[in-house]
Amino acid sequence: MAILYTIISVCYYLIIAFITFVIARNLVKTKNFQEAILFSVMLMPFILRILRIK
Amino acid sequence: MTDRNLMIVKIVSTVLVGIALIISGIEFYNHRNFQEPVVIGPGVTSVKTLGDYYTRLKGTINDTNIYIIDSGVPGGTALVIGRTHPEEPAATLAAKILVENASLSKGRLIVAITANQSASRVTRPGDAYPMYYTIETPWGESKYRMGDRWSSPMDSWPDPEVYVHYPSGQLLAYMDIRNFNRTWPGRENGMITEQTNYAFMNLIRAEGVDVFIDLHEAELEYPVISTIVAHQKAADIAGLASMILTSTEFRIGMEFSPPSLHGLSHREVGDYSDAISLLFETPEPFLDRVRGITDEALLLTGKDEFVMTAGKYGLLYEKIDEKGWPIDVRVGRHCSTTLMVLELWSDFNPGKEVVVGGVPRYDEVVSNGTGFYFQDPSKAETENIYYE
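Keeping their order, the protein sequence lines are chains A and B.
Here the first sequence is numbered in the working numbering, starting from 12 and rising by one per residue.
Here the second sequence is numbered in the working numbering, starting from -12 and rising by one per residue.
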């Protein structure tokens, strides 16, 4: 059971890494300044989670 | 907007967010790693860690300190745990008073100040909890981490869609798989909170614990408040303690642990060990949903006009007035209730006595303040200092 939980946790971190990559990519590509601000703010909780700070 | 201006907006917003990220990240990191010194009292004979009772927990965040106060005289053994829910500070502070002051003349007292370390190193997202609180002492301020009801998602994540309690199979809310008082008696190969309960059950059996006490606080909107919740094995002691305390020190009730409500300490510890299990609740207005500003002042004074208004409309299960529910009152209640239960246990069980001295009662804590009973770490011998 503990191994299963560990595998699921790792999968979730991979999902978070993927979402972070997508948001960062959209931040670079967008032509709308409001979206650019929105994407940069959205990155915060994902980066904090990947770094295992919060 | 030109491409150049758009690029400037992107760079500026990313830099500002980066600065916010660094500042908040440092705060979160410092809170999670903040260490609280504990100066062990003259009665403490040894300090173990929870990992000594379940090796998988050794070195993990929940490998918490276990303080053993042994009189050296044969008798019974009591276990008191604080910080089951680290957002209930009176439990933490009362347990610390025991470690720094208690001396036994018969039997043994075992104390875990922080039962769930992980939950003590995170605050509740979205509820604007203060990160720390401080207690005034004769030698300065003593600072503590404010925590949450649930283990940190850093240590146990993701939660299941529905939490299926082990071994009963009862369905509980998903996040309660991180609630230390919904995961008793624990599971050897479960999530870290379940493993922590499992380790405590090992401790209870290995040390031959006779009396198990779990310290809590509750919101005034919650019916289980200002009371002793008792397993049926502890009903006589809890009932008598309630009557004596109500007639001599403060009003406190007694309730039976529901046999079909699983995962709670007052049910499972009694069912799965030889110990009698009891849970104490004091009022903490900070936890009420109708509260106003959620700050350190509310946490320590227990004064809140919104909770008072709710009381005027009869929406609460405990009284509240302009005096609030100060931390000294709440800590004092836990100290006296613990002492009363152990006195009654000793009276009812000759040969299994747990006789505790050096611990202040309700009136003393209220008049002197909680901090009066904490020792100054800067003046203590290094070998007598442990960290929570």
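All residues carry an ideal CB built from backbone N, CA and C; glycine is no exception.
The beta strand (DSSP E) runs of length 3 or more contained entirely in the segment 133 to 220 of chain B are, from start to end of the chain, 198 to 205, 214 to 217.
Nearest C-alpha to L190 (chain B) among B:P364, B:M(-12), B:A262, B:A78: B:A262. Bounds of the alpha helix (DSSP H) holding E255 (chain B) are 252 to 259. Residues of chain B with a Cβ closer than 9 Å to the Cβ of V33 (chain A) do not exist; the shortest Cβ-Cβ separation is about 16 Å. Straight across, the Cα-Cα distance linking G156 (chain B) with T170 (chain B) is about 11 Å.
Residues of the segment 174 to 190 of chain B whose Cβ lies closer than 7 Å to any Cβ of chain A, in chain order: N176, G177, M178. As DSSP reads the structure, P24 (chain B) sits in a beta bridge with B:Y374. Interface flag for V4 (chain B) against chain A is set, since a Cβ pair is found closer than 7 Å. Among the residues of the segment 8 to 35 of chain B, those with a Cβ less than 7 Å away from any Cβ of chain A are L8, G12, F15, Y16, in the order of the chain.
Boundaries of the beta strand (DSSP E) around Y120 (chain B): 119 to 124. The C-beta distance from L285 (chain B) to P272 (chain B) rounds to 7 Å, short enough to meet the 8 Å contact threshold. Assigned with DSSP and collapsed to three states, P245 (chain B) falls in coil, not helix or strand. Secondary structure at P313 (chain B): coil, using DSSP grouped into helix, strand and coil. Assignment of E87 (chain B) by DSSP, reduced to helix, strand and coil, places it in the helix class. Of all residues in the segment 134 to 163 of chain B, the ones placed with a Cβ closer than 7 Å to any Cβ belonging to chain A are M141, W144, P145, in chain order.
The residues I27, I30, T31, I34, in chain order, have a CB closer than 8 Å to that of F57 (chain A) in the same chain once the five nearest residues on each side in sequence are set aside. By the neighbour-count definition (other C-beta atoms within 10 Å, threshold 16), A99 (chain B) is a buried residue. The three-state reading of DSSP puts N49 (chain B) in coil, since its state is none of H, G, I, E or B. In terms of Cα proximity to M(-6) (chain B), the closest of A:I19, A:Q45, A:R63, A:M12 is A:Q45.
Within chain B, the C-beta atoms nearer than 8 Å to that of A47 (chain A) come from L(-7), V(-4), K(-3), S0, in chain order. Identification of chain B residues near R63 (chain A) by a Cβ-Cβ cut-off of 7 Å yields M141, ordered along the chain. Each residue's CA atom was taken as its position, placing D223 (chain B) and E87 (chain B) some 30 Å apart. Nearest Cα to Y185 (chain B) within the set B:D39, B:F267, B:D334: B:D39. Annotated three-state conformation of Y131 (chain B) is strand, per DSSP. Contact check for A89 (chain B) against L96 (chain B) passes: the beta carbons are separated by less than 7 Å. Boundaries cannot be given for A262 (chain B), as no alpha helix (DSSP H) includes it and DSSP labels it neither H nor E. If the five residues before and after V34 (chain B) are omitted, its C-beta is found closer than 8 Å to the C-beta atoms of I27, N52, I53, Y54, I55, Y373, all from its own chain and listed in chain order. With 16 or more other Cβ atoms from the protein chains shown falling within 10 Å of its own Cβ, D197 (chain B) counts as buried. With a threshold of 7 Å between beta carbons, M(-12) (chain B) makes contact with chain A. Under a criterion of Cβ atoms nearer than 9 Å, the residues of chain B adjacent to K42 (chain A) are, in order, M(-12), D(-10), L(-7).
Annotation: L302 (chain B) to E181 (chain B) spans about 35 Å, alpha carbon to alpha carbon. Nearest to G358 (chain B) by C-alpha distance, out of B:G127, B:A65, B:S138, B:N176, is B:G127. Residue ranges of uninterrupted alpha helix (DSSP H) with 4 or more members, entirely inside the segment 295 to 357 of chain B and ordered along the chain, are 314 to 335, 349 to 355. Assignment of beta-bridge partners to E268 (chain B) by DSSP yields B:H203, B:T214.
S105 (chain B) counts as buried, since at least 16 other C-beta atoms from the protein chains shown sit within 10 angstroms of its C-beta. Under the criterion of beta carbons closer than 8 Å, M141 (chain B) and R63 (chain A) qualify as touching, at roughly 6 Å.
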